[in-house]
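Residue numbers (this note's numbering): 242 to 376.
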Amino acid sequence: MTNGGQAEREPVVLTVGLRPDAVDLSGHPDLDHEALAARIASGQEALRREGIDNTTCLVSADPEEAERRIREEVAGRHFDLVVIGGGVRLDPEQTVLFERILNLLIDLVPGVRFCFNTSPETTLDAIRRWSPQPR
């Protein structure tokens, strides 16, 4: 498919979220870490089926460790979009982690766009809202 004579391309995406074992599920009695891991895997599979070039980076809740992990994943690579999962963004206990991740990625990936899902199942919708225009 083309747009204005240029071939459309899927964005190169980095998905950052908490490892399932790092998520506090005390407020979600109907969810366990295994079920959360399955939901994350299912969301990532949906991206693969759509041909999205996605790298998943699951981190611990420790900001220092998370920063190291993200730096390793991003080193020498280009990303158009970063999805930061709700486990990082929506839990007030993770505010410092969220700030650290956001500011780190702004420094590491100049010009990157951010998008936010509401669950692992809505990651594709978030990406589609902010897909870059063809180059």
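The C-beta atom is built at its ideal place from N, Cα and C for all residues, glycine as well. This structure is a prediction, so every number in the text was calculated from the model and none was measured.
Since Asp-321 contacts Val-253 with CB under 8 Å, what's their CB separation in whole angstroms?
-> Between Asp-321 and Val-253 the beta-carbon gap is near 5 Å, inside 8 Å, which marks them as a contact.
With 16 as the cutoff for other CB atoms within 10 Å, does Thr-256 come out buried or exposed?
-> buried
Backbone secondary structure at Arg-384 - three-state DSSP = Here the chain comprises residues numbered 242 to 376, so residue 384 is not present and cannot be evaluated.
Mind checking which residues open and close the beta strand (DSSP E) that includes Val-254?
-> Start and end: 253-259.
Integer-rounded CB distance, given that Arg-260 should sit under 8 Å from Leu-299 = 4 Å
Could you tell me whether the Cβ of Asp-366 comes closer than 8 Å to any Cβ of chain C?
-> Among the chains in the structure shown there is no chain C, since it carries only a single protein chain.
Can you give me the Cβ contacts of Ala-282 inside the same chain, cut-off strictly under 7 Å, excluding the 5 residues immediately before and after it?
-> none
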